[in-house]
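Participant: My structure is below; once you've seen it, I'll send some questions.
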Amino acid sequence: MKTDRSHELFTRALELIPGGVNSPVRAFKSVGGEPFFAQRAEGAYLYDVDGNRYVDYVGSWGPMIAGHAHPHVLEAVARTMRDGLSFGVPNPLEVTMAETIARLVPSCEMVRMVNSGTEATLSAIRLARGATGRARIVKFEGCYHGHGDSFLVKAGSGVMTLGLPNSPGVPAALADLTLTLPYNDFDAATRLFEEIGQEIAALIIEPIVGNANCILPREGYLQHLRALCTKHGALLIFDEVMTGFRVALGGAQARYGITPDLSTFGKIIGGGMPVGAYGGRRELMQQIAPAGPIYQAGTLSGNPVAMAAGLATLDLIQAPGFHDGLERRTHALCEGLEAAAREAGVAFCTTRAPGMFGLYFREGPVETFEDAKASDTARFNRFFHAMLRRGVYLAPSAFEAGFVSSAHGDAEIAHTLAAAREAFAEVA
Ligand code: HOZ
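For the sequence shown, position 394 matches number 530 in this note's numbering, and the numbering has no gaps at all.
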């Protein structure tokens, strides 16, 4: 497999960009080796600068739910950009975007667009603190809500992959306001709320954890958290940056029938452009400036080209049967991988929701962060490279979810499973 051009680019990048990458999760730090540089992408495939082709299960970490370079999205971007790239005054597409989100996710009576998932979660907790007059927030071990100071406490994703669960540079005074709970532990949540529930501004959660591999909520768990927040006057924030518009058209809140007070989004609503959003109950959202006193702003927020890409993607996923199709493909992939592992005698299990999945080198079930950490990561790393050599790109970390798009058809899944049979045999 040729890697000369990627290697040359990475060498140059290392001189000028910390770690050679503009986001740590891309660096292949835990799996070893060097990242490849993308030349282009189409459908389910990524093509690197050395001419290698990969079935892509990262999908730009979530946005590419309809596959890369979908013509409908590209046309919307091309059409919109001809009228100008940024105005600094309101544009009609922002209104359509707010209407679309509010229609698809009814808990979002009002919405504010931002430029990334990180901005969305930062803004949501500021709003929660401002609205409740309380300072403490609760998050879950292994959940990642972007790189805001308050969230880099026992966080997942790159923070966990790199073994930096509590980042230097976060003032202790701020980190101390973030309390953590074990995901899927009913009693721990009850105890914490009974102790200090009246001090908690908000509990923020990835309803399906996608940043510590992929962990699904136990039956009734999200309902339990909803009830605790309601009882103690804390806001429930669903971070649906990953799950939003993916695990169901209305996100995890629709799938599990929960109404959070606030929700955060990113990824899919930008269709590959830098976009985030937060939304929730009208009475809360009305406290955001200039309607209210809680300040949050952004020069490029609601950018017309980004809105066009996001809206075109949201069009595509509203096609009848879209999410059923995603669920079927994800299921076929995971069942096939489990069968291949069994054949090779490798301890392995998967977790899955429509369009997202987790791979664990251990016997199941995996229901907690501790379970996820007990996966054989060294074996995952070898498997990752064995798959990469066979033209399949999985997330380069044992602590990231994988993503399936509508462009992953039978041929791509068959290729993946053929590669997996060889790769499992190699790591057995
Ligand atoms: N949530 C993404 C990974 N789990 C973020 C991607 C990034 O940090 O670049």
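No residue lacks a Cβ here, since even glycine has one placed at the ideal position from N, Cα and C.
1. Quick check on aspartate 140: buried or exposed, where buried means 16 or more other Cβ atoms within 10 Å of its Cβ?
2. Tell me the DSSP secondary structure of histidine 204 in three-state form.
3. Looking at the structure shown, is leucine 530 part of a helix, part of a strand, or coil, going by DSSP?
4. State yes or no: is the C-beta of alanine 337 within less than 7 Å of the C-beta of threonine 268?
5. My assumption, with CB atoms under 8 Å, is that alanine 559 sits in contact with alanine 522. Please give the rounded CB distance.
6. Within the region 367-392, note down every full alpha helix (DSSP H) run reaching 4 residues or more, in order along the chain.
7. Listed in chain order, which residues are found with a beta carbon closer than 6 Å to a heavy atom of ligand 1?
8. Any idea what DSSP makes of isoleucine 340, helix, strand or coil?
9. Just the C-alpha distance for valine 411 and valine 250, rounded to the nearest angstrom, thanks.
10. For a minimum of 3 consecutive residues, which ranges assigned as the beta strand (DSSP E) are wholly contained in the region 243-293?
11. Taking only three categories from DSSP, how would you classify arginine 327?
12. When you compare the CB positions of valine 213 and valine 528, do they come within less than 7 Å of one another, or not?
13. Starting from serine 542 and walking both ways along the alpha helix (DSSP H), at which residues does that stretch end?
14. Quick check on DSSP: helix, strand or coil for tyrosine 357?
15. Considering only their Cβ atoms, is the gap separating glycine 402 from alanine 256 smaller than 7 Å?
16. For asparagine 227, which of helix, strand or coil comes out of DSSP?
17. When the distance is taken between beta carbons, is valine 241 closer than 7 Å to alanine 531?
18. How would you call valine 231, buried or exposed, if buried means at least 16 neighbouring beta carbons within 10 angstroms?
19. Tell me which same chain residues have a C-beta within less than 7 Å of the C-beta of threonine 487, skipping the five on either side of it?
20. Quick check on DSSP: helix, strand or coil for threonine 297?
21. Roughly how many angstroms separate the alpha carbons of leucine 300 and valine 306, rounded to a whole number?
22. Whole angstroms are fine: how far does the CA of glycine 407 sit from the CA of alanine 445?
23. Give a yes or no on whether the C-beta atoms belonging to arginine 270 and glutamate 335 are separated by under 7 Å.
24. Under 6 Å from any heavy atom of ligand 2, does the C-beta of alanine 477 make it?
25. In the structure shown, what three-state DSSP assignment does glutamine 423 receive?
26. With phenylalanine 497 and arginine 525 assumed to form a contact (beta carbons below 8 Å), what rounded beta-carbon distance in angstroms separates them?
27. Three or more beta-carbon pairs under 8 Å between the region 425-443 and the region 200-219, yes or no?
Facilitator: The relevant details are as follows:
1. For the purposes of this step, residue 140 is taken as the residue at position 4 of the sequence shown. That one is exposed.
2. Position 68 of the sequence shown, counted from the first residue, corresponds to residue 204. Histidine 204 falls in the strand class under three-state DSSP.
3. What you label residue 530 is simply residue 394 of the sequence shown in a count that begins at 1. Three-state result, leucine 530: coil.
4. Residue mapping note: residue 337 aligns to position 201 of the sequence shown, counting from 1. Residue mapping note: residue 268 aligns to position 132 of the sequence shown, counting from 1. Cβ atoms of alanine 337 and threonine 268: closer than 7 Å.
5. To locate residue 559, count along the sequence shown from 1; it is residue 423. To locate residue 522, count along the sequence shown from 1; it is residue 386. Confirmed, about 4 Å.
6. 387-392
7. Ser159, Val161, Trp197, Tyr280, Ser293, Gly294, Asn347, Glu536
8. Taking the sequence shown and counting its residues from 1, the one referred to as residue 340 is at position 204. Residue state, collapsed to three classes: strand.
9. The residue given as residue 411 occupies position 275 in the sequence shown. The residue given as residue 250 occupies position 114 in the sequence shown. Distance between the alpha carbons of valine 411 and valine 250 is about 6 Å.
10. 246-250, 272-276
11. Along the sequence shown, read from residue 1 onward, the residue named residue 327 stands at position 191. Note: arginine 327 maps to helix in three-state DSSP.
12. Position 77 of the sequence shown holds residue 213. Position 392 of the sequence shown holds residue 528. Cβ atoms of valine 213 and valine 528: not closer than 7 Å.
13. Working through the sequence shown from its first residue, we reach residue 542 at position 406. First-last for serine 542: undefined, no H or E at that position.
14. Locating residue 357 in the sequence shown gives position 221, where the first residue counts as 1. In this structure, tyrosine 357 counts as helix in the three-state DSSP scheme.
15. Walking along the sequence shown from the start, residue 256 turns up at place 120. Walking along the sequence shown from the start, residue 402 turns up at place 266. Yes; because the gap between Cβ atoms is below 7 Å, this pair is in contact.
16. If you number the sequence shown from 1, residue 227 lands on position 91. Asparagine 227: coil per DSSP, three-state reduction.
17. Indexing the sequence shown from 1 puts residue 531 at position 395. Indexing the sequence shown from 1 puts residue 241 at position 105. Against a cut-off of 7 Å, the Cβ pair of valine 241 and alanine 531 comes out as no contact.
18. Position 95 of the sequence shown, counted from the first residue, corresponds to residue 231. The residue in question, valine 231, is exposed, as its Cβ has fewer than 16 Cβ neighbours within 10 Å.
19. Here the question's residue 487 lines up with position 351 in the sequence shown. Hits under 7 Å: Cys350, Ile351, Leu352, Phe493, Gly494, Val502.
20. Residue 297 sits at position 161 when you count from the first residue of the sequence shown. Three-state result, threonine 297: helix.
21. Residue 300 sits at position 164 when you count from the first residue of the sequence shown. Residue 306 sits at position 170 when you count from the first residue of the sequence shown. Spanning the two alpha carbons is a distance of roughly 12 Å.
22. If you number the sequence shown from 1, residue 445 lands on position 309. If you number the sequence shown from 1, residue 407 lands on position 271. Cα-Cα distance, rounded: 5 Å.
23. The residue labelled residue 270 in the question sits at position 134 within the sequence shown. The residue labelled residue 335 in the question sits at position 199 within the sequence shown. A contact, by the Cβ cut-off of 7 Å.
24. For the structure depicted, ligand 2 is absent and the ligand set comprises only ligand 1.
25. For the purposes of this step, residue 423 is taken as residue 287 along the sequence shown, with counting starting at 1. Glutamine 423 falls in the coil class under three-state DSSP.
26. Within the sequence shown, residue 497 is the residue found at index 361, counting from 1. Within the sequence shown, residue 525 is the residue found at index 389, counting from 1. Not a contact, Cβ separation roughly 18 Å.
27. yes
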